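For reference, the structure is listed below as structure tokens.
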Amino acid sequence: MDPLSISASHIGFLQFAGQLGTMVSKFISADKDAKRAVRGLREEINYLERIIHELQQPIENHGATLENSTKDFSQLQACRNVQSN
Numbered sequence: 014m015d016p017l018s019i020s021a022s023h024i025g026f027l028q029f030a031g032q033l034g035t036m037v038s039k040f041i042s043a044d045k046d047a048k049r050a051v052r053g054l055r056e057e058i059n060y061l062e063r064i065i066h067e068l069q070q071p072i073e074n075h076g077a078t079l080e081n082s083t084k085d086f087s088q089l090q091a092c093r094n095v096q097s098n
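The sequence shown begins at 14 in our numbering and counts up by one.
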């Protein structure tokens with residue numbers, strides 16, 4: 014091979030190596046960003062789970078209170094009916 018062909022081959026290889034290095038760098042950066050995004054999403058989901066749990070407790074307690082109130086109302090209505098008769 015003549016010196017010009019060898020030089021051209023080296024230049025082509027160096028360009029390829031440079032492009033490969035750039036692609037690997039972008040991939041590593043994207044991977045770090047993806048991990049950061051997944052971690053952030055996981056934190057948001059945990060936060061929402063805590064909120065849902067905190068909201069669920071009063072709703073469940075209210076349901077029990079409402080059920081008791083309905084029973085009390087039914088009993089009061091039965092007493093009223095007895096008194097009316």
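No residue lacks a Cβ here, since even glycine has one placed at the ideal position from N, Cα and C. These figures come from a predicted structure and were not determined experimentally.
Distance between residue j and residue i (C-alpha atoms, nearest Å)
{"i": "residue 93", "j": "residue 71", "result": "32 Å"}
{"i": "residue 55", "j": "residue 69", "result": "21 Å"}
{"i": "residue 18", "j": "residue 36", "result": "27 Å"}
{"i": "residue 95", "j": "residue 59", "result": "54 Å"}
{"i": "residue 65", "j": "residue 38", "result": "41 Å"}
{"i": "residue 67", "j": "residue 31", "result": "54 Å"}
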